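Undergrad:
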Amino acid sequence: MAKDSRVIRNFCIIAHIDHGKSTLADRFIDKAKLVSTRGPLQQQMLDNMDIERERGITIKSQAVTIPYKAHDGQVYELNLVDTPGHVDFSYEVSRAISSCEGALLLIDAAQGVEAQTLANMYMAMELNLEIIPVINKIDLPSADIEACLHQIDHDLGLDTDLTAYVSAKTGQGIDELFETIVRHIPAPKGDTKAPLRALIFDSHYDAYRGVIIHFRVFDGVIKEGQEITFFSTDAEHIVEEVGIFQMGLVRTQHLNAGDVGYLIAGIKTISDIRVGDTITDTQRPCKSPLPGFKEVKPVVFSSIYPVDSNDYEELQEAIDRLKLNDASLIYEKDSSAALGFGFRCGFLGMLHLEVVQERIEREFGLSIVFTSPSVRYKVYMKDGEILEIDNPLSYPDPMHVDYAEEPYIQAEIITPATYVGNIINLCIEKRGVQTAMNYLDAKRVELIYEMPLAEVLFEFYDRLKSVSRGYASFDYHVIGYQTTDLVRLDILVNSEPVDALSQLVFKDNAPLRARQVCQSLKNEIPRQMFKIALQGAVGGTIIARETINAFRKDVTAKCYGGDISRKRKLLEKQKEGKKRMKMVGNVEIPQQAFLAVLKTTDSKN
Amino acid sequence: MYEKVLLQELKAIVDIRKAPFETVYIGGGNPGLASLTALTEILEMIHSLGTPKELSIEMNPESLHGGHAQLFEQGLSRLSIGIESLAVNHLRTLGRHATRETNLRAMNLANEFHKSYPIQLNFDLMTCIPGQTIADALSDIDTLIDLSAPEHISLYNLTVEEGTILAKEVANGTLQVIDEDQQAEMLSACWAHLAQLGYNQYEISNFSTTAATRCKHNERYWRLQDYIGIGPSAAGTIGNIRATSDATIETYRRAPSFASYTLETMDRLTLMNEQLLMGLRTTDGIDKEAWLARYGVNFDQLCEAEIAFLEQQDPVLIHNTENNFALTSSGFMVLDAIVLKLSQALV
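In structure tokens form, the structure reads like this:
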């Protein structure tokens, strides 16, 4: 009954945003006739969340098994492992990719090769995946297949003979692509008789069944009733159910070396498992875990507050619910004089933060305010104590601080040589120190920099894209802490400090940051009946100042019998709007102002 | 047909009503377009109950003609004309068909009526029109008073309402509204100028030579007193019931009488909000005794924190006496914000 692993093909799709990855995945499923009888499909089945669909990005890995009868008459089992598409989730991407033997490198026929795809392609190459170039959107009038082939050969150094030509939209070329997958992606190797070794590449939470682990078996067999151990945590569980992903979970009772599927083992919360961890048999464990595991730690911290403080309980519930499906989200209670009770949260990166924000607002209908995101600093006190601080409100009196350290990353940037000058300037501005510069070929350069994580989080990515016209690719990993000159920037509204707007910043950046915050507050706080002073201060020193003048005129010209109802309804609406304002002294600050301050730290120059 | 439905509705009201109407305002759009026959019939019906204290009609300048004299014979006591501006470019900006000439002609004709009949005159003027200067606005006021010496002037600052052609032009940049600070200056200058010429501001946009020449009809709205409104999109209020017509001119003419009105019962909070909204528009302000009698709460206590906040502001925004709560001239300029502030006390 053991199925022959020679009929299995495990592959993922690597693509630049908008090159059609999810549409291609849909076609795979259509072609496999898995879903054609199940009524109208939601577009892009693998991207489950609204946000994913809207932004055209995939945040969580997904998998699906597609049976395919090839021209040789054999029925193959194609396991598509869909991967997240953002640097915030590069660890998850690496785990998903390492579950595969092959990758489809999807290229938009009209756009050509775009650089952001490269980081994932190199990751796939490092893991020895077979890469099949796939030119998509060949039905577009603007498709330039010749140019794409040239890039595949010249820029990517891939074999153009393998190239598949498809239109994921119309389904053209999908059959040929299936054949290419079957012929060129190797069947998984692995010893069914060896002790169990399986890789967790993702998981999700099901309200009825608990945690559902997505995994790939490398060696051995996993079956229901089996006792398993997670390598990193030593936790033991009994397998309740094993199966594969189709348009839902399909129980198979066991999975063999080479298979991709799910398992349920009575695990209550997603925090109990680790992506990248190795599953093995408790009685007959493997000697060593699969390589590449690491503990993912949040790197960006921000506090979330409900705009209406009565919504605190709802916010708590929303975050608890998100946490069920998102092990990387960590949080604890927080409170602020300006914003009341909220939660201090840790995120993998800015996109992760934005996704959480959007989900709380959309799925739970809550209006929330985020405070300015921060990295986690190490503050060395004169008395020898070491504090780890990511919340400006916890920053101690500078009198007692000896020195501080901030997290540094190693950034790997790959760019066409033309943009090297721009990128070097940007990195210098961001306090980067170059450690290497390699010509990968005549046209492409790899730059390695060490720079503060804080500089990278807040606006680096957008700037990099703009100075390289989107062609530079960027990846980073945290390398440790280095000494920094840290200050707390406070923002005062009519002399009252707004604690929720305080930020920890590098001292030399403080004046600019202070000006940016004051300016964006000036743009977002509406004129009021009195003059409002906005100030940025470090210690007792004012380093930036803006003024919002009192409004001079705010009067409805006409109001007679026929206008009363409409004006009153407008008044009621405005009263409702006031509830969404935060009061600092007598000043009403709209939610938008807090959000705008957040933006000044992540996108504007 | 339109006139027929309107007359049917008016007749139904007259038939059940015993006392004369206190005031009547024939307005909303341009009644100058109505036939003399219909207007005559309306006036006859109104008079069948007795003589109102005030009986007004409003008209666009280009619609006023000599034949309208007949209406004054029938007891029409007040004529209001939407002059808006005497500068043709500003009239164009406002989308008006009138020219300086049609406006001057209408003013002259109104003067003739004014001499022959015991009527009061009102002219509407607009300020803060894109491209208008303070000098332009003051000169319109001067010309108007020199030529016609009306008892009453309504002076409105232009409001760009959503969904209008003006709003579209502002949005696409073909029209530039005057900035808020300049608007405030222009409006203050006009108010001061009118005061100097003997026109007393008794409501944000309304000025009269004496207390007796205020518009009595509009004063009822600002005091939240009962009124009946008929016609497309008209509104009426009796006690805590509001009737609003959902009809357009098109649907109104096709519908049977009273088919288009939606009734709304207003609770105490709604009425208090409206009382603030309307009452603070006038120099009389909120009558605290009347407020207590109607809502059963003391106004000063109800709005204590908000009043304290307003009292702290510079310049002085409010004028709070034993029996009245009213806004100063500076307060009028930021009326909407003050109403919003005070209404937050009403929960």
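These protein sequence lines map, in sequence, to chains U and L. At position 118 of the first sequence (counting the first as 1) the number is 199 in this note's numbering, and the numbers step up by one without a gap. At position 345 of the second sequence (counting the first as 1) the number is 353 in this note's numbering, and the numbers step up by one without a gap. C-beta atoms are modelled at their ideal positions from N, C-alpha and C, and glycine is treated no differently. Since the model is a prediction, treat every value here as computed from it, not as a measurement.
My guess is that residue 280(U) and residue 176(U) are in contact by the Cβ rule of under 8 Å, so how many angstroms apart are they, rounded?
TA: Position 199 of the first sequence, counted from the first residue, corresponds to residue 280(U). Position 95 of the first sequence, counted from the first residue, corresponds to residue 176(U). Confirmed, about 7 Å.
Undergrad: DSSP three-state call for residue 669(U): helix, strand or coil?
TA: Locating residue 669(U) in the first sequence gives position 588, where the first residue counts as 1. Three-state DSSP puts residue 669(U) in a strand.
Undergrad: Looking only at DSSP bridge pairs, what is residue 141(L) linked to?
TA: Taking the first residue of the second sequence as position 1, residue 141(L) is located at position 133. None, per the DSSP bridge assignment.
Undergrad: Counting only beta-carbon separations shorter than 8 Å, does residue 605(U) have a partner in chain L?
TA: In the first sequence, residue 605(U) corresponds to position 524, counting from 1. No, residue 605(U) does not count as interfacial toward chain L.
Undergrad: Scan the stretch 278 to 324 of chain L and note each continuous alpha helix (DSSP H) run of 4 residues or more that stays entirely inside, going in chain order.
TA: Complete alpha helix (DSSP H) runs here, min 4: 296 to 303, 307 to 310, 312 to 319.
Undergrad: In terms of residue numbering, what span does the beta strand (DSSP E) encompassing residue 484(U) cover?
TA: Position 403 of the first sequence, counting from 1, holds the residue named residue 484(U). Segment 482 to 497, the beta strand (DSSP E) holding residue 484(U).
Undergrad: Under DSSP, the alpha helix (DSSP H) around residue 563(U) begins and ends at which residues?
TA: For the purposes of this step, residue 563(U) is identified with residue 482 of the first sequence, where counting begins at 1. Unbroken run through residue 563(U) is the beta strand (DSSP E), 554 to 565; no alpha helix (DSSP H).
Undergrad: Shortest alpha-carbon distance to residue 263(U) belongs to which of 253(U), 477(U), 147(U)?
TA: The residue labelled residue 263(U) in the question sits at position 182 within the first sequence. Of 253(U), 477(U), 147(U), the residue nearest in Cα terms is 147(U).
Undergrad: I need the boundaries of the beta strand (DSSP E) containing residue 688(U), first residue and last residue.
TA: Only positions 82 to 686 of chain U appear in the structure, and residue 688(U) is not among them; the question remains open.
Undergrad: Less than 8 Å between the beta carbons of residue 285(L) and residue 355(L), yes or no?
TA: Indexing the second sequence from 1 puts residue 285(L) at position 277. Indexing the second sequence from 1 puts residue 355(L) at position 347. Cβ atoms of residue 285(L) and residue 355(L): not closer than 8 Å.
Undergrad: Using only CA atoms, which one of 421(U), 479(U), 461(U) lies nearest to residue 452(U)?
TA: Residue numbering aside, residue 452(U) sits at position 371 when the first sequence is read from its first letter. Cα-wise, what sits closest to residue 452(U) is 421(U).
Undergrad: Considering only residues of the same chain and omitting the five flanking positions on each side of residue 119(U), which have a CB-CB separation below 8 Å?
TA: Looking up residue 119(U) in the first sequence gives position 38. Residue placement at residue 119(U) is poorly supported in this model, since its pLDDT is 39, which falls under 50; the coordinates still yield a value, given next. So the qualifying residues of the chain are 328.
Undergrad: I'd like the span of the beta strand (DSSP E) that includes residue 94(U), first residue to last.
TA: Here the question's residue 94(U) lines up with position 13 in the first sequence. 89 to 96 is the span of the beta strand (DSSP E), which, as asked, contains residue 94(U).
Undergrad: At 8 Å on the CB atoms, spell out the chain L contacts of residue 638(U), in chain order.
TA: Position 557 of the first sequence, counted from the first residue, corresponds to residue 638(U). Near residue 638(U) (Cβ distances below 8 Å), the residues of chain L are 164, 165, 166, 167, 212, 213.
Undergrad: Mind checking whether residue 246(L) and residue 271(L) have CB atoms under 8 Å apart?
TA: The count along the second sequence starts at 1 and reaches residue 246(L) at position 238. The count along the second sequence starts at 1 and reaches residue 271(L) at position 263. Not a contact, by the Cβ cut-off of 8 Å.
Undergrad: Can you tell me the Cα-Cα spacing of residue 40(L) and residue 71(L), whole angstroms?
TA: For the purposes of this step, residue 40(L) is identified with residue 32 of the second sequence, where counting begins at 1. For the purposes of this step, residue 71(L) is identified with residue 63 of the second sequence, where counting begins at 1. If you take the alpha carbons of residue 40(L) and residue 71(L), they lie about 5 Å apart.
Undergrad: Could you give the first and the last residue of the continuous beta strand (DSSP E) run that contains residue 67(L)?
TA: Here residue 67(L) refers to the residue found at position 59 when the second sequence is read from its first residue. Segment 62 to 67, the beta strand (DSSP E) holding residue 67(L).
Undergrad: Taking the alpha carbon of residue 252(U) as the reference point, which residue from 418(U), 602(U), 101(U), 649(U) has its own alpha carbon closest?
TA: Within the first sequence, residue 252(U) is the residue found at index 171, counting from 1. Closest option to residue 252(U), Cα to Cα, is 101(U).
Undergrad: DSSP state of residue 405(U), grouped into three classes?
TA: Here residue 405(U) refers to the residue found at position 324 when the first sequence is read from its first residue. Three-state DSSP puts residue 405(U) in a helix.
Undergrad: Do the stretch 141 to 161 of chain L and the stretch 621 to 628 of chain U make contact, defined as three or more Cβ pairs closer than 8 Å?
TA: Judged by Cβ distances under 8 Å, the stretch 141 to 161 of chain L makes no contact with the stretch 621 to 628 of chain U, as fewer than three pairs qualify.
Undergrad: Give the secondary structure of residue 291(U) by DSSP, where H, G and I count as helix, E and B as strand, and everything else as coil.
TA: Taking the first residue of the first sequence as position 1, residue 291(U) is located at position 210. Residue state, collapsed to three classes: strand.
Undergrad: Could you name the residues of the stretch 655 to 673 of chain U whose beta carbon sits closer than 9 Å to any beta carbon of chain L, in the order they occur along the chain?
TA: Residues 655, 656, 659, 667.
Undergrad: Tell me whether the stretch 440 to 452 of chain U and the stretch 389 to 402 of chain U touch, counting them as touching only if at least three CB pairs, one residue from each stretch, are closer than 8 Å.
TA: A contact exists between the stretch 440 to 452 of chain U and the stretch 389 to 402 of chain U.
Undergrad: Return the first residue and the last residue of the alpha helix (DSSP H) that residue 658(U) is part of.
TA: For the purposes of this step, residue 658(U) is taken as residue 577 along the first sequence, with counting starting at 1. Taken as a continuous stretch (DSSP letters only), the alpha helix (DSSP H) holding residue 658(U) covers 645 to 659.
Undergrad: Looking only at C-alpha atoms, which of 648(U), 600(U), 578(U) sits nearest to residue 620(U)?
TA: One-based indexing of the first sequence puts residue 620(U) at position 539. Ranking the options by Cα distance to residue 620(U), first place goes to 578(U).
Undergrad: Closer than 6 Å by C-beta to residue 259(U): which residues in its own chain qualify, once you throw out the five before and the five after it? Chain order, please.
TA: Counted from its first residue, the first sequence places residue 259(U) at position 178. Here the set comprises 149.
Undergrad: Classify residue 222(U) as buried or exposed, calling it buried when 16 or more other Cβ atoms lie within 10 Å of its own Cβ.
TA: Residue mapping note: residue 222(U) aligns to position 141 of the first sequence, counting from 1. The residue is exposed, with fewer than 16 neighbouring Cβ atoms inside 10 Å.
Undergrad: Once you ignore the five residues that flank residue 87(U) on each side, which residues in its own chain have a CB closer than 8 Å to its CB?
TA: Translated into positions along the first sequence, residue 87(U) becomes position 6. Contacts found: 268.
Undergrad: Going straight from the alpha carbon of residue 431(U) to that of residue 642(U), what length do you get?
TA: Translated into positions along the first sequence, residue 431(U) becomes position 350. Translated into positions along the first sequence, residue 642(U) becomes position 561. Straight-line Cα distance between these residues: approximately 52 Å.
Undergrad: Threshold first: 3 residues or longer. Then list the beta strand (DSSP E) segments lying entirely within the stretch 290 to 342 of chain U, N to C.
TA: For the stretch 290 to 342 of chain U, whole beta strand (DSSP E) runs of length 3 or above, ordered along the chain, are 291 to 300, 302 to 304, 308 to 311, 317 to 319, 322 to 326, 330 to 332, 335 to 337.
Undergrad: Would the stretch 78 to 95 of chain L and the stretch 107 to 122 of chain L be scored as touching if the rule is three or more Cβ pairs under 8 Å?
TA: Short answer: they touch.
Undergrad: Report the neighbours of residue 192(L) on chain A: residues whose CB is nearer than 8 Å to its CB, in chain order.
TA: Annotation note: the requested chain A is absent from the structure, which comprises protein chains U and L.
Undergrad: Would you kindly check if the distance between the Cβ of residue 330(U) and the Cβ of residue 324(U) is under 8 Å?
TA: Residue 324(U) sits at position 243 when you count from the first residue of the first sequence. Residue 330(U) sits at position 249 when you count from the first residue of the first sequence. Yes. Within cutoff.
Undergrad: Say whether chain L places a C-beta atom closer than 8 Å to the C-beta of residue 646(U).
TA: Working through the first sequence from its first residue, we reach residue 646(U) at position 565. Closer than 8 Å: yes.
Undergrad: Can you give, in chain order, each stretch of the alpha helix (DSSP H) that sits fully within the stretch 189 to 252 of chain L and has at least 4 residues?
TA: Correct list: 224 to 230.
Undergrad: Using the Cβ count rule (16 or more neighbours within 10 Å means buried), how would you classify residue 244(L)?
TA: Here residue 244(L) is taken as the residue at index 236 of the second sequence, counted from 1. Buried: at least 16 other Cβ atoms inside 10 Å.
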